[in-house]
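Chemist: Have a look at this one.
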């Protein structure tokens, strides 16, 4: 899952640090939309909490939609 910050139809791409109209960014990455979340839904959760809530349904969705899945481990040292 790649998080996009969207405002008025424009998305900030954290990979390129550029802004694109959301439809263009989806085209660039050949994106499939799993689910949209509001800031209020995620702002009070840690990555681990959010992951635990989303992982079962997202894993099934990924298989059904032929998407790969990779989870970052916050405890990994880089």
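Numbering (the working numbering), first residue to last: 3 to 80.
From the three backbone atoms N, C-alpha and C, an ideal C-beta is built for every residue, glycine too.
According to DSSP, which residues form a beta bridge with residue 23?
Modeler: 12
Chemist: Mind checking residue 13: buried by the 16 CB within 10 Å criterion, or exposed?
Modeler: buried
Chemist: Out of 17, 31, 56, which one is the CA nearest neighbour of residue 43?
Modeler: If we check each option's Cα against that of residue 43, 56 comes out closest.
Chemist: What is the rounded straight-line gap between the Cα of residue 23 and the Cα of residue 38?
Modeler: 16 Å
Chemist: Hey, out of 50, 6, 63, whose CA is closest to residue 26's CA?
Modeler: 6
Chemist: Whose C-alpha, out of 47, 36, 51, is nearest the C-alpha of residue 60?
Modeler: 36
Chemist: The alpha helix (DSSP H) that contains residue 61, what's its start and end?
Modeler: 49–66
Chemist: For the alpha helix (DSSP H) containing residue 44, name the first residue and the last one.
Modeler: 41–44
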